[in-house]
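Q:
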Amino acid sequence: MPIVKLENVRLSFPDLFEAVQYEGKGPFSYRAAFLQPEDQPVLVQQDDKTWKKSTMSKVLLAAATEQWKGKAQTVLDSIRNNTQKCCWYDGTIKDYDGYEGNYVLSATRGQEKGRPVIKDRDATPLESSDGKPYAGCYVHATVEIWPQDNKWGKGMRATLRGVQFVKDGDAFSAGTPLSDDEFSEIAAPDTEDDIA
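Rendered as structure tokens:
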């Protein structure tokens, strides 16, 4: 299945450091959504590990064709903008910060597969205490696109592989990035009476 790299996309609803359940039910997973214009190119990994430019729509069609052959476009049309069936959808169907005017790639990674790779600009690993990446910042991300065809029906899914922080952006309403300089040093009071 194709491995895709998204570049300079906005991060939304990140659950990157700790696996969570969807709406408090089901298996624990890491998850994130990535926002970009529909026609913004993505990179697809080739067999020789190089990257080739494409669009997400072409990537989905290629993966769907591998699974459903001549019925691929019909399947894609039937799940278009269904957020429960397709990982790539028009952001205007959701009333969330940053979604209007963008398409959304929603990706998950089962807890049993381990945490996704999370790196800083300089490729050093990040931890949750670093305060990034956060909802609203810009990242590079890698996902694996695959067709679902099982007892739950047909769909197109994205497995989250990794996220790299690129630059700060306006934080979405879930909060602002953490900063170590929010507090300055204060002198200790001489007595309890000096504490006001």
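Counting along the sequence shown from 1, when you hit position 133 you're at 133 in the working numbering, and nothing is skipped either side.
Heads up, the beta-carbon is just placed ideally off N, CA and C, and yes, glycines get one too.
Everything numeric in this text was worked out from a predicted model, so none of it was measured.
Measure the alpha-carbon distance for Asp-170 versus Phe-13 and round it to whole angstroms.
A: Position 170 of the sequence shown, counting from 1, holds the residue named residue 170. Position 13 of the sequence shown, counting from 1, holds the residue named residue 13. One C-alpha to the other measures close to 14 Å.
Q: How would you write the range of the alpha helix (DSSP H) that Met-56 sits in, first residue to last?
A: The residue given as residue 56 occupies position 56 in the sequence shown. Start and end: 56-68.
Q: From Ala-107 to Gln-84, what does the alpha carbon distance come to, in whole angstroms?
A: Position 107 of the sequence shown, counted from the start, is the residue given in the question as residue 107. Position 84 of the sequence shown, counted from the start, is the residue given in the question as residue 84. For Ala-107 and Gln-84, the distance between alpha carbons rounds to 12 Å.
Q: Taking 8 Å as the cut-off, does the segment 124-143 touch the segment 5-12 (at least 3 CB pairs, one atom from each stretch)?
A: With the cut-off at 8 Å, the segment 5-12 and the segment 124-143 touch.
Q: Taking the alpha-carbon of Met-1 as reference, which of Phe-34, Ile-79, Val-42 and Ala-64 has the nearest alpha-carbon?
A: What you label residue 1 is simply residue 1 of the sequence shown in a count that begins at 1. Looking at the Cα atoms, Ala-64 is the closest of the given residues.
Q: Do you know offhand how far Gln-46's Cα is from Glu-185's?
A: As a working note, residue 46 is residue 46 in the sequence shown. As a working note, residue 185 is residue 185 in the sequence shown. If I take the Cα positions, the gap works out to 53 Å.
Q: Is DSSP giving Thr-108 helix, strand or coil here?
A: Position 108 of the sequence shown, counted from the start, is the residue given in the question as residue 108. Reduced to three states, the DSSP call for Thr-108 is strand.
Q: Quick one: grab the DSSP three-state call for Asp-149.
A: Reading the sequence shown from its first residue, position 149 is the one you call residue 149. Looking at Asp-149 - three-state DSSP - the assignment turns out to be strand.
Q: With a threshold of 16 other CB atoms inside 10 Å of the CB of Ile-79, please say whether the residue is buried or exposed.
A: Along the sequence shown, read from residue 1 onward, the residue named residue 79 stands at position 79. It is buried - the Cβ of Ile-79 has at least 16 other Cβ atoms within 10 Å.
Q: What separation, rounded to the nearest whole angstrom, lies between the Cα atoms of Gly-175 and Gly-131?
A: As a first step, residue 175 is located in the sequence shown; it is residue number 175 there, counting from the start. As a first step, residue 131 is located in the sequence shown; it is residue number 131 there, counting from the start. Since pLDDT at Gly-175 reaches only 49, below the 50 mark, its modelled position is unreliable, and the value read off the structure follows with that caveat. If I take the Cα positions, the gap works out to 11 Å.
Q: What are the boundary residues of the alpha helix (DSSP H) that includes Ala-72?
A: The sequence position of residue 72 within the sequence shown is 72, counting from 1. Per DSSP, Ala-72 belongs to the alpha helix (DSSP H) from 72-79.
Q: Between Phe-28 and Gln-148, how many whole angstroms is the CB-CB distance? I'm expecting something under 8 Å.
A: Translated into positions along the sequence shown, residue 28 becomes position 28. Translated into positions along the sequence shown, residue 148 becomes position 148. Between Gln-148 and Phe-28 the Cβ distance is about 19 Å, and since that is not below 8 Å, they are no contact.
Q: Distance, Cα to Cα, Leu-126 vs Ala-33?
A: As a working note, residue 126 is residue 126 in the sequence shown. As a working note, residue 33 is residue 33 in the sequence shown. Each residue's alpha carbon lies about 18 Å from the other.
Q: Mapping DSSP to helix, strand and coil, what is Gly-98?
A: Working through the sequence shown from its first residue, we reach residue 98 at position 98. DSSP places Gly-98 in coil when its eight states are reduced to three.
Q: Where DSSP assigns a beta bridge to Tyr-134, which residues make up the other side?
A: Stepping through the sequence shown from its first residue, residue 134 is reached at position 134. Answer is none; Tyr-134 lacks a bridge partner.
Q: Would you mind working out which of Val-104, Gly-153 and Tyr-134 sits nearest Gln-36, comparing C-alpha positions?
A: For the purposes of this step, residue 36 is identified with residue 36 of the sequence shown, where counting begins at 1. Ranking Val-104, Gly-153 and Tyr-134 by Cα distance to Gln-36 puts Val-104 first.
Q: Can you list, in chain order, the residues of its chain whose CB lies under 6 Å from that of Glu-18, leaving out five sequence neighbours each side?
A: Indexing the sequence shown from 1 puts residue 18 at position 18. None.
Q: In this structure, what does DSSP give as the bridge partners for Leu-160?
A: The residue labelled residue 160 in the question sits at position 160 within the sequence shown. Beta-bridge pairing links Leu-160 to Val-143.
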